[in-house]
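Inspection log for the structure reproduced underneath, given as structure tokens.
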């Protein structure tokens with residue numbers, strides 16, 4: 001477990017999880033070159049995010065720069081209305097060079 005978090009940078013970026021007609025807002029809590037963890041606000045109806053599902057995660061960096069990452073769910077949760085915010089672990093499938101450059105600025 002400790003090894004998994006070794007290269008992650010703790011952040012708090014407002015974000016959106018987008019897939020087809022679904023759109024959920026939340027916060028990215030930590031990220032790395034290959035992974036990120038996002039907390040999703042409880043929706044009005046129950047939501048199940050299956051393992052392996054792909055999403056676009058859109059977020060704004062600390063300098064106002066916008067990033068879009070294609071991600072695959074690796075740690076899914078069933079999210080129920082009225083329950084506390086739930087974390088979803090994701091693998092970043094496509095890492096644009098702009099994102100990698102942005103990540104380097106966070107580690108400085």
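In our numbering, the protein residues as written are 1 to 108. Positions of the beta carbon are idealized from the N, C-alpha and C atoms, including for glycine. Small disclaimer: the values here were computed from a predicted structure and weren't measured.
- With contacts defined by Cβ atoms closer than 7 Å, residue 102 and residue 52 do not form a contacting pair.
- Taken in chain order, the complete beta strand (DSSP E) segments of 3 or more residues contained in the region 41-99 are 54-60, 66-75 and 86-94.
- Its chain contains 13, 14, 15, 28 and 67 as the residues whose beta carbon lies nearer than 7 Å to that of residue 59, once the 5 sequence neighbours on both sides are disregarded; these appear in chain order.
- A Cβ-Cβ distance of about 6 Å is found for the pair residue 92 and residue 34, placing them in contact under the 8 Å criterion.
- Ranked by how close their Cα comes to the Cα of residue 96, the residues 104, 26 and 69 have 69 in first place.
- With contacts defined by Cβ atoms closer than 7 Å, residue 41 and residue 25 form a contacting pair.
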